[in-house]
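Just so you know, the sequences run in chain order E and Z.
Numbering follows my numbering, in which position 97 of the first sequence is assigned residue number 97; successive positions increment by one, without gaps.
Every number in my numbering is 211 more than the matching position in the second sequence, counting from 1.
All residues carry an ideal CB built from backbone N, CA and C; glycine is no exception.
Keep in mind that this is a model prediction, so the values were computed, not measured.
Number of protein chains: 2
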Amino acid sequence: MLEKISLQTLQRLPVYLELLRQDAASDNISANRIAEELGLTEIQVRKDLAAVSDAGRPKKGFVVTDLIADLERALGYDNADDAVLVGAGRLGRALLSYAGFQRYGLNIVAGFDTNPRAWGQDEVSGKMIYAMDKLDDLCRRLSVHMGIITVPAPVAQCVCDELVGAGCRAIWNFAPTHIRAPGNILIKNENMASSLALISHHLRRNLEEEA
Amino acid sequence: MLEKISLQTLQRLPVYLELLRQDAASDNISANRIAEELGLTEIQVRKDLAAVSDAGRPKKGFVVTDLIADLERALGYDNADDAVLVGAGRLGRALLSYAGFQRYGLNIVAGFDTNPRAWGQDEVSGKMIYAMDKLDDLCRRLSVHMGIITVPAPVAQCVCDELVGAGCRAIWNFAPTHIRAPGNILIKNENMASSLALISHHLRRNLEEEA
DNA sequence: GGCATATCGATATGCTTTTATCGATATATC
DNA sequence: GATATATCGATAAAAGCATATCGATATGCC
Numbered sequence: 001m002l003e004k005i006s007l008q009t010l011q012r013l014p015v016y017l018e019l020l021r022q023d024a025a026s027d028n029i030s031a032n033r034i035a036e037e038l039g040l041t042e043i044q045v046r047k048d049l050a051a052v053s054d055a056g057r058p059k060k061g062f063v064v065t066d067l068i069a070d071l072e073r074a075l076g077y078d079n080a081d082d083a084v085l086v087g088a089g090r091l092g093r094a095l096l097s098y099a100g101f102q103r104y105g106l107n108i109v110a111g112f113d114t115n116p117r118a119w120g121q122d123e124v125s126g127k128m129i130y131a132m133d134k135l136d137d138l139c140r141r142l143s144v145h146m147g148i149i150t151v152p153a154p155v156a157q158c159v160c161d162e163l164v165g166a167g168c169r170a171i172w173n174f175a176p177t178h179i180r181a182p183g184n185i186l187i188k189n190e191n192m193a194s195s196l197a198l199i200s201h202h203l204r205r206n207l208e209e210e211a
Numbered sequence: 212m213l214e215k216i217s218l219q220t221l222q223r224l225p226v227y228l229e230l231l232r233q234d235a236a237s238d239n240i241s242a243n244r245i246a247e248e249l250g251l252t253e254i255q256v257r258k259d260l261a262a263v264s265d266a267g268r269p270k271k272g273f274v275v276t277d278l279i280a281d282l283e284r285a286l287g288y289d290n291a292d293d294a295v296l297v298g299a300g301r302l303g304r305a306l307l308s309y310a311g312f313q314r315y316g317l318n319i320v321a322g323f324d325t326n327p328r329a330w331g332q333d334e335v336s337g338k339m340i341y342a343m344d345k346l347d348d349l350c351r352r353l354s355v356h357m358g359i360i361t362v363p364a365p366v367a368q369c370v371c372d373e374l375v376g377a378g379c380r381a382i383w384n385f386a387p388t389h390i391r392a393p394g395n396i397l398i399k400n401e402n403m404a405s406s407l408a409l410i411s412h413h414l415r416r417n418l419e420e421e422a
């Protein structure tokens with residue numbers, strides 16, 4: 001079942017799950033209603049959900065609790081991914097202390113930084129921040145396979161290489177630069193400039209229309 | 212020329228621009244080389260660039276300075292968008308103080324928060340953080356049309372409504388919830404859970420393959 | 001100056017994703 | 001219990017996007 005989920009569908013699944021969790025009061029919910037709430041078409045919702053669940057019943061819709069369970073299983077929220085974070089700057093510490101990741105199956109086990117003043121227990125998150133030379137050992141001992149990069153752009157590639165060297169198979173990159181890794185390693189660039197391009201483009205067209 | 216840029220292309224343009232800015236030493240660059248650096252195909256690069264530039268010449272490639280200029284114009288970096296940010300928590304302040312946005316044509320003019328202890332000048336960014344009842348007036352006086360939401364999920368929709376009421380036409384939402392607005396308002400959800408779904412899915416398949 | 005070659009740009013093919021159509025089925029009402 | 005209807009699920013068409021192919025063109029070398 002897991003094989004045939006398309007990339008686009010996969011990215012919408014957490015959105016459905018979030019909506020259902022907020023809305024867990026009702027017993028049943030129809031694809032039509034989900035679509036309305038999220039601004040999608042009901043056909044797309046049905047197709048997405050069909051990929052992970054068969055909790056839908058004619059005339060009633062989907063059984064909410066079953067659908068939530070199916071989504072959580074499909075997304076692997078039952079056993080959370082461990083991750084390390086490199087770069088304890090403002091963004092890095094904001095992510096370290098973001099409690100919401102637990103709800104999405106992510107567990108950041110520790111932070112790393114080159115700056116000695118950052119080392120020790122982070123006040124806000126309560127998580128430990130270590131020197132870079134501890135990275136490899138910790139990743140291997142705890143079998144961490146995911147790295148989060150929140151360092152300045154110029155050192156992002158170097159940090160990426162270190163993470164890969166320490167056994168990471170997936171990298172979540174918040175540095176505003178493109179980084180590379182061998183083919184079997186997944187790089188997910190969280191590119192704010194791309195989002196901004198969409199927004200800015202819309203704004204200009206929207207304001208032009210008026211004039 | 213601006214009409215026919217596809218959404219996917221639009222999101223890749225800032226990536227090209229970033230690469231070129233880093234690499235501004237050389238006079239010319241070929242689509243092939245850009246593709247190699249970014250892990251794309253040269254055909255896609257050419258097609259993307261063709262949408263915004265004709266700085267390409269056979270045998271030489273693209274004139275870097277011209278291409279940068281074309282990209283900046285297409286992305287509207289010549290006149291930056293002003294924006295307001297609502298929610299001066301850790302993520303909000305991290306974004307407020309992120310200097311890199313200037314390079315992407317974004318200028319956050321001020322922050323807003325309900326908590327009186329956040330009001331005043333933010334130490335790190337030097338930007339002012341105001342009470343929510345100042346929002347409408349400031350947006351209108353400065354003709355701000357873009358709002359950034361970094362508040363907890365439960366109040367995100369309410370903040371969105373206020374921003375729209377104050378004249379915003381585009382919303383950049385970092386709250387981990389889906390928000391709605393009238394059709395002509397663009398909502399860009401920066402959904403970390405979606406990214407995480409991709410990463411987690413890759414990890415599981417990758418680790419399964421070995422076993 | 002002519003020729004080989006790197007590179008572009010345009011047209012065509014194929015794949016992925018979305019949207020449309022239609023029949024199937026369980027529930028509720030009479 | 002029969003019938004109407006809300007809703008699902010599957011198959012089919014359309015759109016959007018990526019990849020392949022091929023001719024055109026400017027550059028540099030002989």
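For E:H145, the closest of E:A69, E:I185, E:P152 by C-alpha to C-alpha distance is E:I185.
For E:N79, the secondary structure class from DSSP, reduced to helix, strand or coil, is coil. Distance between Z:N318 and Z:L278, taken at the CA atoms: about 24 Å. Beta-bridge partners of E:V63 (DSSP): E:N28. By the Cβ neighbour-count rule, Z:G394 is exposed, with fewer than 16 other Cβ atoms within 10 Å of its own. Within the model, the alpha-carbon separation for E:A110 versus Z:V226 is close to 30 Å. Counting only Cβ-Cβ distances below 8 Å, Z:N402 has contacts in chain E at Q11, P14, V15, in chain order.
Residue state for Z:A422 is assigned as coil, using DSSP reduced to three classes.
In the DSSP assignment, E:D137 falls within the alpha helix (DSSP H) that extends over 135 to 142. Counting along the chain, Z:Y227 sits inside the alpha helix (DSSP H) bounded by residues 218 to 233. Under the DSSP assignment, Z:V375 falls in the alpha helix (DSSP H) whose first and last residues are 364 to 376.
From the beta-carbon of E:I108, no residue of chain Z is found nearer than 8 Å; the closest lies around 12 Å away. Rounded to whole angstroms, the gap between the alpha carbons of Z:Q368 and Z:I398 is 11 Å. Taking E:G92 as the centre and dropping the five residues before and after it, the same chain places the C-beta of L85, G111, T150 closer than 7 Å to its C-beta, in chain order.
For E:L106, the enclosing beta strand (DSSP E) has its first and last residue at 106 to 112. It is roughly 9 Å from the alpha-carbon of Z:G316 to the alpha-carbon of Z:E283. Within 9 Å of the CB of E:S194, the CB atoms of chain Z belong to L221, Q222, R223, L224, P225, V226, in sequence order along the chain. At a cut-off of 8 Å between beta carbons, E:L71 makes no contact with chain Z. As the crow flies, the alpha-carbon of Z:E373 is around 21 Å from that of Z:N402. For E:L207, the nearest CB of chain Z lies under 8 Å from its own CB, placing it at the interface with that chain.
Interface annotation, E:S53: not in contact with chain Z, CB-CB separation never under 8 Å. Excluding the 5 residues flanking it on each side, Z:L228 has same chain C-beta neighbours closer than 6 Å at L282, in chain order. Annotation: E:D113 has no Cβ neighbours in chain Z at a cutoff of 8 Å; minimum Cβ distance is about 15 Å. Membership of Z:A342 in the beta strand (DSSP E) is indicated by the continuous run 339 to 342. Rounded to the nearest whole angstrom, the CA to CA distance from Z:L349 to Z:D292 is 15 Å. In the DSSP assignment, E:W172 forms a beta bridge with E:I148, E:K188. Proximity of Z:S237 to chain E, defined by a Cβ-Cβ separation below 8 Å, is not satisfied. Shortest Cα-Cα distance from Z:A381 to any of Z:R257, Z:P387, Z:V366, Z:N400 involves Z:N400.
Distance from the CA atom of Z:K215 to the CA atom of Z:L221, rounded to whole angstroms, is 10 Å. Between the alpha carbons of E:D48 and E:A94 lies a distance of about 32 Å.
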